[in-house]
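Numbering (the working numbering), first residue to last: 14 to 399.
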């Protein structure tokens, strides 16, 4: 159990295994409240049996092309100019069906730079996936593709790092803000589902509140990612993230909604309870496909050829993906990580992002994911239920 005594004298507590939480006048009250809540798993063994029985893949990040007109300093995508071909896409789609993939996220590079994007989307849509979404810089979306997006209910996520030309140009280049806002206006005009996401760095977090105000006033869905796999000096400081959290609280966000907006703890799922988190999901529930159909555990691992699991078009690819998944479950869950063995929140953060932790360790950086996750839990317990 984790307990936090709040400013008003109340106590918030969380069951670290099932992530159930409650607020009361004392620790005893909290424990009583938690006993009355149902649990999904009573033991780690029950949980392990459950995840081993999962026979589908939650999300595939499908990298259609490595071509992109921008050069964002924090981007970890390759720049080799590759495209997936239509014939490969047909084969890939068949394999995705065999793997029982539920959701596809089209990424790049810039997906809208692919000359056959319409046909690729239509092929994917034809096999009955739960969802298709596209991550884009929002600069070059044709009217023809906008209509297709609307027709097929495809969700668009647009990357934008500022609330005006000056702030956005710092990472995404000059002249692009107006072009993206034009795309947003066109998406609004057809009623398409979209959101705008800002990648927070040490250089732009000072403008985060203005970003919130700008898109809030226009009733546009927005959110933030926290930059990963960069040097310590490019990462936003925890105190600056906490200031952003408190600003969102002041606007009426709940503590859970704060983390829906600022995705600094994506795998923690603080708004959901009932099950432990033991991994970030890379190579277990989520995978990445490159334009030549190589399979990786994570988008942030594309710079390491040693991380290739297989090529999806190989005859034994499905077996190799399943074997790799079983291996990760046996060896890479948080209980098998020495650095997490004594951590009280290990079943809440699951050992955090594996790719970022590897980058930090291999490059001898001092940044600590653990400090951020612990600060997030403390903030959540101090403010949940208010």
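Here a beta-carbon is modelled for each residue, glycine too, at the ideal position from N, C-alpha and C.
Where residue 196 falls, given that 16 or more other Cβ within 10 Å makes a residue buried: Around the Cβ of residue 196, a 10 Å sphere holds 16 or more other Cβ atoms; the residue is buried.
Distance, residue 346 Cα to residue 71 Cα: Each residue's Cα considered, the two are about 18 angstroms apart.
Minimum C-alpha distance to residue 344 - residue among 291, 312 and 377: Closest by alpha carbon: 291.
Start-to-end residues for the alpha helix (DSSP H) that takes in residue 101: Start and end: 99-111.
Alpha-carbon spacing of residue 6 relative to residue 384, whole angstroms: Lying before the first or after the last residue shown, residue 6 is absent from the chain, which here runs from 14 to 399.
Beta bridge counterpart(s) of residue 295 as assigned by DSSP: Beta-bridge pairing by DSSP links residue 295 to 299.
N- and C-terminal bounds of the beta strand (DSSP E) containing residue 25: That run of the beta strand (DSSP E) goes 24-27.
Where the alpha helix (DSSP H) through residue 9 begins and ends: Because the chain here runs from 14 to 399, residue 9 falls outside it and cannot be looked at.
Which of helix, strand or coil DSSP assigns to residue 168: Residue 168 carries a strand assignment under DSSP once its states are collapsed to helix, strand and coil.
Distance between residue 159 and residue 153 (C-alpha atoms, nearest Å): Cα to Cα, the separation comes out at about 11 angstroms.
Where the alpha helix (DSSP H) through residue 333 begins and ends: In the DSSP assignment, residue 333 falls within the unbroken alpha helix (DSSP H) covering 330-344.
Burial state of residue 328, where buried means 16 or more other Cβ atoms lie within 10 Å: By the beta-carbon neighbour count (other beta carbons within 10 angstroms, threshold 16), residue 328 is exposed.
Cβ separation of residue 286 and residue 32, assumed to be a contact under 8 angstroms, to the nearest whole Å: Sure, about 5 angstroms apart at Cβ, within 8 angstroms.
Inter-residue spacing [alpha-carbon to alpha-carbon] between residue 95 and residue 306: Their Cα atoms are separated by approximately 11 angstroms.
Status (buried if at least 16 other CB within 10 Å, exposed otherwise) for residue 92: Around the Cβ of residue 92, a 10 Å sphere holds fewer than 16 other Cβ atoms; the residue is exposed.
Stretch pair the stretch 104-115 + the stretch 133-143: three plus CB contacts closer than 8 angstroms: Put simply, the stretch 104-115 touches the stretch 133-143. At least three CB pairs are less than 8 angstroms apart.
Nearest residue (CA-CA) to residue 206, options 273, 263, 24 and 234: A check of alpha carbon separations from residue 206 across 273, 263, 24 and 234 identifies 234 as the nearest.
Burial state of residue 250 (16 or more Cβ within 10 Å): By the neighbour-count rule (16 or more Cβ atoms within 10 Å), residue 250 is not buried but exposed.
Sequence-distant residues of the same chain with beta carbon closer than 6 angstroms to residue 388, five excluded per side: So the qualifying residues of the chain are 251.
C-alpha gap between residue 182 and residue 216, whole angstroms: When only Cα atoms are considered, residue 182 and residue 216 end up about 12 angstroms apart.
Identified DSSP bridge partners for residue 323: Residue pairing by DSSP places residue 323 opposite 308 in a beta bridge.
Own chain, CB closer than 6 angstroms to residue 20, minus 5 neighbours either side, in chain order: Apart from the 5 residues on each side of it in sequence, residue 20 has no Cβ closer than 6 angstroms to any other Cβ in its chain.
Distance, residue 192 Cα to residue 390 Cα: If I take the Cα positions, the gap works out to 38 angstroms.
DSSP state of residue 286 mapped onto helix, strand, coil: DSSP places residue 286 in coil when its eight states are reduced to three.
Of the listed residues 334, 228 and 204, nearest to residue 211 (C-alpha basis): With distances taken between Cα atoms, residue 211 lies closest to 228.
Secondary structure of residue 372, DSSP reduced to three states: Look at residue 372 here: in three-state DSSP terms it is helix.
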